[in-house]
Structure formats: structure tokens, C-alpha cells
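Per the numbering used here, the sequence shown starts with residue 18, numbered consecutively.
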Amino acid sequence: MVHSPLVQALLDPTRYPHPVDDVRLIETHISWVFLAGAFAYKIKKPIDLGFLDFSTLEKRKRACEEELRLNRRTAPDLYLAVLPVYGSAEAPVWSEGSGDPIEYAVQMVRFDENRQMDRMLAEGLLTARHMDALAETVAEFHEKHAARSLDADYGRPDSIQKAWEDNFRQIRHGHPPMDCIERLDAIERWTAERHEALRERFVERKAAGFIRECHGDLHLKNLAWIAERPLVFDCIEFDPFLRWIDVMNDCAFLSMDLEFQGVFPLSQRFLDGYIERTGDFEGLSLLRFYKVYRAMVRAKVRLIRARQEIGEGRGEGAMQEFCRYIGYAFASTQPVPTGIILTFGVSASGKSRIARSLTEMLPVFRIRSDVERKRLFGIDRRQDASAGFGEGMYSRDATRRTYERLLILCERVLDAGFGVVVDAAFLRFEERERFRQLAAEKGVSLAIVEPIASVDTLRRRIRTRSKGVSDAGPDILEHQLQTMEPLTEVEREHAFSWDTEADADVTVLAERILAYFTSPATAGVAFRRNVACQSMDR
């Protein structure tokens, strides 16, 4: 491959002021990264793509300075300095010499590339544990490090419209394959319609402070697992409008990327953890819109790269990936089956395990009574707030308020176009009935999942389980066993018992609920039989 004189020169290990055995080049559509010894050096390409302009040395310098400032928010130990390059393109030097700088580079500490999350995923090493930590990291970044903007144009409906319109314009300017045009047209129509439908929501989100200086490019290649924690790097530096965005836009990029890579459960695990931490159920109304938008961003990037590579006699792989992103975006515009899933059971019966598993397998989001009860009282979800039954947060009035909150959140998730798993005890008929009424009002199915375990098992579990968000102890369990109101015959028509002491895959339950949501008239037969299926107690 033929490189520019500067790139060719920087591939020489002797050009660096520290020990370097060899230099490896990573090239993207907008930059070159030189991996040299213990460091990496990133240089912007002198290009103007419309959505970014690195065409002059001064513009590249400013972009490098912004990259350093922004990425030190999440990776201060990784980003070291902006270094000027002196000399000539054929003979560059890093130490100050005669004349002015010919280029600028961002100097970074080099890390093991195998710890990048895209590499970990390819090796089968990326797990739910990493998603849990990443959800906490991203939520903390959004809450503590990303400044809010109420007065600027960022996040206004017109600004959001310009972003997606620019995407489609740039894609069409890149002459996409003819066999993608029909789907491209359909995606653009859907985006325009959803934008208009969400216009008022965009205004509300900005007023509520959800437009923040986010990452803007939150996908697996910009994430790593270093020293047993997530490392977030390489955020958008070239356009503040692509960085000052709704926090759900930021999350949607990673969710889309995980789904595109074929790991829907990890996408759901990340979103579930993020929403549990932040309580941003309202943001789910924007999730599909932003996932489609993010898929089109990636499609645009792959098309640009394909055109660059075609000029070098390559480009087939990038063009195929462009078409895959178009296919993903088109599929994401289609509605998904929705419904309400209630858990029914005493403490330690396995409700939360089942609820989390269903969240990872179905297009549903989980609402946890243990978390929302504490949120109502301004208590961190991990804080111990134990009290006797009927006291403090567990008084009858507090429980009533908690279930009212669960009902409100359930409706929000349904209105966003997703199903809901409500992870609560639902030991009283009155509590369950209000959700049945909501399902009827919304025209969706209601399923009740009843975890089954012996009383001895329940007592053993509650004595030995590790501390989580639940505050329930043995006294609460005994009170629940004595006072719970069993499901009525009518409720049992929509109920599915699930043996949590057996060792089988919960996938069976997820498949039957999905079938039930898709075609209640036929799938409901299995629920009326109330066949006790097996579940993995994990």
C-alpha cells in the first residue's frame, strides 16, 4: 500500500524519542494511529468530509487539543499530551527544531489491544459482568462529568433533525448500492415521521437537563477492559453538536453496536443496568429512534471507508458492512411484541433472577420494586434500609406509593413501544388487578410468572443470600407466607409456574411468553394449563 511521505516516515522505529522495536499503523476514515513502543500517536487526516473539517493544520491542532480535553474526562491516565511534529514530511522529528510544526499528534499510553471490547467479544470473553460495570461507568459519567446545556441550540428538535438529515444526505452523496435504495428510502421516511412524533419529547428532555456533553461515539472499539474496570476513550471531538446530545442517544450507540454484533442479551444487560442506576425510563421513548440514527451513522462511516478503499483497489468488505447496517436499521424500524409480565411470589422465590433473564432474552425492560421503593425515598439502591414489616419504607402507605410508581413506569415503557417485566411480589389481588386493567387499556397481553420453591428452600435462601438491593429478611418472608393472596382462577389463565429448584434453561419460559405476546389466542392455552416448567436457579 502506498502511504503519504509523513505516514511512511513515521513507520520507521528510529523516528521516535523512546525505544521502539516496530511500528504498527491503524488507519480509520479520519485518522492514522501509530503504535510505537509504549505509546500511541494519533494524527488527523487532512480532509474535509462535510461533517468534519481537518483540512488545515490549525484545524487539526484544535481538534487534537479538544480530543485531549474531552477524553481526559473518562481516561485521564491514557491521554498524555498534544505533541507538535517538526522537520519535514520525509524526515519528521518530535523534538523542537527549526521552523514551525508540520503536524500535530495526540500522544497516548498504549494498552493491550486484546482488551478492547470488540476484540473481547470476538474471542467470546465479553460477559454480563462487563456490561454491569460499563452501565455503572457510563451512568456515572453522564451524571457527574458531562455538563448540561439548557441555553445553547444543542438538543433542540431542529438540531436533531439536521443531524439525521445530514446523515442521509452524505450517504446518498456517497452513491450507495442500488439494491439498498428502497430500504434507505423507507428508513428515511420512518425517521422523519418519528422525529415529528417525538418533537415535543425532545423539547421536554432538553428542559429536564438530559442534553449533556456526552461521548458521542460510544461503541465497542472505543471501550476497553483495563485493570478490572471499563475504560471509555476516543470520544467525538470534531463537532459539538454530535457530542452535546441526549444521554439516551449516547447509550443507543452501544446498544445498537451490541445488537448488530449479534449479542442482544448483552445490549439488554447494559441498558437494564443503566436505567436501574439512573431511573431514566422516560428516555426509552427515544431509544429506537436513536438506535436507527446510530446505525445510519455507522452505515455512513462504512460507505466513506468503502469509497476510500475502492480507490486503493479494495472496499468490498466495507461495502458489505454498509449493507448490513442498512438491514439492521430497517429491521429496527419495525414494531416489537409488547405486553406486561408480572412476577408473583414471596421473597427469595427467584423472582429477580427470572425477571433479569427475561429482560436479556425479550424486548422488555425491567422495573424493580426494591429499587423504585428506595428511589421514592431518596435512598441509594445499594443502601441497606431494612425495617420490620409494616414499618418505614415498608409501611402500607409506602407500599401503596411504590406500586403506584411501578404502574406509572410500566405505562411509560409500554408507551415507548417495549414490553415490561415488573419485578415485585404482587402478593395482593388489588396490586395485580391494577396492572391487568392497564394491560386491557393498552390492548396488550398480561402474563404472570410464579416462581415455585419449597418453604424450606425459601427459608434457606433468605438466610444465606448475598446482600443486594432487597432488604427482605426472615421476618418479612414469614409474614408474606401467612398473608399472600393466591392467584384467582381467572389470573391463572395468564399464569406460568416456574420451578426454581430445578436445573433447566429459562429460555423455554421466554419463548412461551414471546409466543403468548405475539398470539395470545393460541399461546394462552399453555398458560391455562399452568404447566410447571423448569428454570435455572442461577
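No residue lacks a Cβ here, since even glycine has one placed at the ideal position from N, Cα and C. No experiment lies behind these values; they were computed from the predicted model shown.
Out of the options, point me to the one whose CA is closest to residue i's CA.
| i | options | result |
| --- | --- | --- |
| residue 192 | 155, 174, 325 | 325 |
| residue 475 | 517, 436, 454 | 517 |
| residue 508 | 447, 495, 497 | 447 |
| residue 246 | 290, 148, 340 | 148 |
| residue 225 | 33, 382, 172 | 172 |
| residue 200 | 185, 220, 28, 212 | 185 |
| residue 434 | 355, 424, 21 | 355 |
| residue 456 | 429, 238, 182, 468 | 429 |
| residue 276 | 377, 84, 195 | 377 |
| residue 98 | 122, 104, 105 | 122 |
| residue 274 | 216, 289, 135 | 135 |
| residue 117 | 128, 105, 126 | 105 |
| residue 177 | 213, 38, 463, 21 | 213 |
| residue 453 | 525, 511, 478 | 511 |
| residue 195 | 262, 340, 44 | 340 |
| residue 462 | 531, 468, 523 | 531 |
| residue 87 | 126, 231, 22, 419 | 231 |
| residue 458 | 515, 481, 424 | 424 |
| residue 503 | 472, 481, 412, 449 | 449 |
| residue 499 | 491, 45, 451 | 491 |
In terms of residue numbering, what span does the alpha helix (DSSP H) encompassing residue i cover?
| i | result |
| --- | --- |
| residue 152 | 145-157 |
| residue 345 | 333-349 |
| residue 174 | 174-190 |
| residue 134 | 134-139 |
| residue 289 | 281-295 |
| residue 163 | Careful: residue 163 lies outside any alpha helix (DSSP H) and carries neither H nor E. |
| residue 325 | 304-327 |
| residue 374 | 368-378 |
| residue 273 | 264-277 |
| residue 420 | 413-432 |
| residue 435 | No alpha helix (DSSP H) contains residue 435, which DSSP labels as neither H nor E. |
| residue 79 | 74-88 |
Could you check whether residue j and residue i sit closer than 7 Å to each other, using their CB atoms as the reference points?
| i | j | result |
| --- | --- | --- |
| residue 157 | residue 60 | no |
| residue 556 | residue 252 | What is shown of the chain runs 18 to 555, which leaves residue 556 out entirely. |
| residue 312 | residue 323 | no |
| residue 163 | residue 229 | yes |
| residue 58 | residue 133 | no |
| residue 304 | residue 269 | yes |
| residue 391 | residue 398 | yes |
| residue 51 | residue 63 | no |
| residue 235 | residue 267 | yes |
| residue 494 | residue 364 | yes |
| residue 208 | residue 242 | no |
| residue 216 | residue 174 | yes |
| residue 26 | residue 101 | no |
| residue 139 | residue 290 | no |
| residue 96 | residue 85 | yes |
| residue 160 | residue 22 | no |
| residue 523 | residue 284 | no |
Residues in its own chain within less than 7 Å of residue i by CB, not counting five upstream and five downstream?
| i | result |
| --- | --- |
| residue 92 | 248, 249, 250 |
| residue 422 | 389, 393 |
Over the uninterrupted beta strand (DSSP E) stretch that includes residue i, give me the two end residues.
| i | result |
| --- | --- |
| residue 52 | 48-53 |
| residue 101 | 96-104 |
| residue 381 | 381-385 |
| residue 462 | 462-469 |
| residue 61 | 56-61 |
| residue 474 | Residue 474 -> not in any beta strand (DSSP E); alpha helix (DSSP H) instead, spanning 472-481. |
| residue 41 | 40-44 |
| residue 534 | Segment 524-535 is the alpha helix (DSSP H) holding residue 534; no beta strand (DSSP E) there. |
| residue 357 | 356-360 |
| residue 515 | 512-516 |
| residue 240 | 240-243 |
Which same chain residues, not among the five before or five after residue i, have their C-beta less than 6 Å away from its C-beta?
| i | result |
| --- | --- |
| residue 470 | 366, 517, 518 |
| residue 137 | 143 |
| residue 501 | 444 |
| residue 282 | 377 |
| residue 37 | 30, 53, 54 |
| residue 82 | 99 |
| residue 537 | Unreliable positioning characterises residue 537 in this predicted model, as indicated by a pLDDT of 49, which lies under 50. The coordinate reading is nonetheless provided below. Around residue 537: 462. |
| residue 197 | 340, 343 |
Closer than 8 Å by C-beta to residue i: which residues in its own chain qualify, once you throw out the five before and the five after it? Chain order, please.
| i | result |
| --- | --- |
| residue 34 | 111, 112 |
| residue 342 | 277, 312, 313, 315, 316, 319 |
Would the C-beta of residue i count as close to the ligand FAD, meaning under 6 Å from any of its heavy atoms?
| i | result |
| --- | --- |
| residue 307 | Summarising the ligand content, the structure contains no ligands, and the ligand FAD is consequently not present. |
The segment 250-258 contacting the segment 294-310, beta-carbon criterion three pairs below 8 Å
A contact is defined here as three or more CB-CB pairs under 8 Å, and the segment 250-258 fails this definition with respect to the segment 294-310.
Is it the case that the segment 371-381 contacts the segment 303-312, given that we only count it when at least three CB pairs across the two stretches are under 8 Å?
no
Using 8 Å as the Cβ pair cut-off and three pairs as the minimum, do the segment 351-367 and the segment 435-442 touch?
yes
With a threshold of 8 Å, are at least 3 pairs of Cβ atoms found where one atom belongs to the segment 139-153 and the other to the segment 61-80?
A contact between stretches requires three or more CB pairs, one per stretch, nearer than 8 Å, and the segment 139-153 fails this requirement with the segment 61-80.
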